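Right, one structure below, let's go through it.
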Ligand SMILES: *Cc1c(COP(=O)(O)O)cnc(C)c1O
């Protein structure tokens, strides 16, 4: 199925999409596989198998992988999600997975074998660090961990058997930004690929393939869904990588995206642009306010001029994203934790939860959740002290989010 035309609807007309459409338009109009009923909203094909007209056609479809046979191999709703995401990322193709981590697993299985070497930012998502550093170390995939922001460290880590550089930008929770174009150059000079986890920025703010990345990985669970409903993941890449390296793994290993979840995320993509604009605006308003509070040691958001990679972020992204992180003032781990817990527990509106990219603002304490399994020393090296609070700003009015954070911050300095 091609990305650039409507399929025939009830009227039997097949209309090619006009060329040069804006990404906002692609998000709504591209990759529609309309049934004979001509539905305007995308259909949900909730079926595990597909009836074949006869044995010869069935045999042909099984042999070629073309046409629909079984949902572990392909499904029209999943295909629609893949094609729409690919169009939005400026990629030739995409392949869906059951979750963001399912997509990372798919990437490892598709691209790497025992004896291969990978370079990873030390500030990547915790489960990604574990999947490489622990699970795949068992299978002989070797990983070096480097600074998120120091390009020289990435270059120095490359070895003759390096096959993949994998970065995430901005990172969780400190929103550190890395230079995608510079990393692509290092990867390609070494004959390796660059993969970028684009979950925080989304294609609405940053398109890594246009900066030289070879693979873009997504957790669709976050902003692509945007309403905290389903788990989903995907890889965007060249048609060749998807066809030769990734599709055979999904087909056999089975980390497929459910058609229902694909449909939810497909519809989520339609509003991604307007939602991301609002997330960015709201987060920046919260970040500016936080930065001015006497109880706050520092606030992190890529659109704040005080952010260490502000200039790079503004060049590489079209907005700072929806996540703001800040550190309360205090002395020593115990006091910092008591103060952070006080701020979080004083909220009456914000959700204490694990997730981000939801309409509902989510507040979390990284040191005891996402970074809970590290030692205190490792946490401090990562910049995640007990006083750090992450706010994944949602779509409530920012005035109300600020008022909720102000409740706990007001008395925070009195807590021993
Ligand atoms: C959530 C997240 C993941 C993992 O995605 P799941 O859908 O939870 O499996 C990977 N990377 C980043 C940056 C994330 O925020």
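In the numbering used here, the protein residues as written are 140 to 555. Each residue gets a CB set at the ideal place from its N, CA and C atoms; glycine is no exception. Since the model is a prediction, treat every value here as computed from it, not as a measurement.
As a quick exercise: from the options, pick the residue whose alpha carbon is nearest that of residue i.
i	options	result
residue 300	254, 396 and 493	254
residue 506	334, 464 and 495	464
residue 553	351, 479 and 517	479
residue 318	312, 335 and 224	335
residue 351	332, 312, 240 and 534	332
residue 288	274, 302, 306 and 271	306
residue 389	234, 192 and 163	234
residue 190	177, 181 and 207	207
residue 252	271, 264, 265 and 267	271
residue 368	493, 188 and 215	493
residue 310	341, 434 and 174	341
residue 401	364, 428 and 418	364
residue 528	391, 308, 504 and 380	504
residue 326	256, 445, 462 and 432	256
Using the Cα positions of residue i and residue j, report the straight-line distance between them to the nearest angstrom.
i	j	result
residue 201	residue 194	10 Å
residue 276	residue 304	16 Å
residue 165	residue 159	10 Å
residue 509	residue 167	34 Å
residue 258	residue 281	9 Å
residue 225	residue 481	43 Å
residue 313	residue 406	30 Å
residue 217	residue 157	24 Å
residue 525	residue 420	27 Å
residue 322	residue 209	39 Å
residue 279	residue 530	37 Å
residue 469	residue 349	43 Å
residue 238	residue 222	17 Å
residue 292	residue 495	30 Å
residue 382	residue 500	38 Å
residue 408	residue 483	31 Å
residue 550	residue 372	41 Å
residue 541	residue 197	59 Å
residue 423	residue 536	12 Å
residue 385	residue 187	20 Å
residue 403	residue 154	25 Å
residue 285	residue 295	9 Å
residue 387	residue 203	12 Å
residue 236	residue 230	17 Å
residue 477	residue 274	34 Å
residue 378	residue 354	11 Å
residue 488	residue 283	41 Å
residue 232	residue 376	6 Å
residue 397	residue 411	21 Å
With 16 other CB atoms within 10 Å as the buried threshold, where does residue i fall?
i	result
residue 347	buried
residue 140	With a pLDDT of 35 at residue 140, under the threshold of 50, the modelled position of that residue is not reliable, and the figure given next carries that caveat. Per the 10 Å Cβ criterion, exposed.
residue 142	In this prediction, residue 142 scores a pLDDT of 45, lower than 50, which makes its location untrustworthy; the coordinate-derived value is nonetheless stated afterwards. That one is buried.
residue 374	buried
residue 457	exposed
residue 399	exposed
residue 466	buried
residue 539	exposed
residue 491	exposed
residue 243	buried
residue 228	buried
residue 250	buried
residue 520	exposed
State the DSSP-derived secondary structure class of residue i, mapped to helix, strand or coil.
i	result
residue 470	coil
residue 481	helix
residue 178	coil
residue 532	coil
residue 440	coil
residue 228	helix
residue 516	helix
residue 255	coil
residue 334	strand
residue 302	strand
residue 221	helix
residue 317	coil
residue 449	helix
residue 545	helix
residue 374	strand
residue 569	Residue 569 lies beyond the residue range present for the chain, which begins at 140 and ends at 555; the question has no answer from this structure.
For residue i, I'd like the list of residues in its chain whose CB is within less than 8 Å of its CB, leaving aside the five on either flank, ordered along the chain.
i	result
residue 486	502, 543, 544, 546 and 547
residue 472	515, 524 and 525
Taking 6 Å as the limit between beta carbons, can you name the residues of its chain near residue i, skipping five residues before and five after?
i	result
residue 498	366, 533 and 534
residue 439	313, 314 and 464
residue 329	297 and 301
residue 362	341 and 496
residue 452	316 and 441
residue 265	509
For residue i, I'd like the list of residues in its chain whose CB is within less than 7 Å of its CB, leaving aside the five on either flank, ordered along the chain.
i	result
residue 338	239, 357, 358 and 361
residue 320	350 and 351
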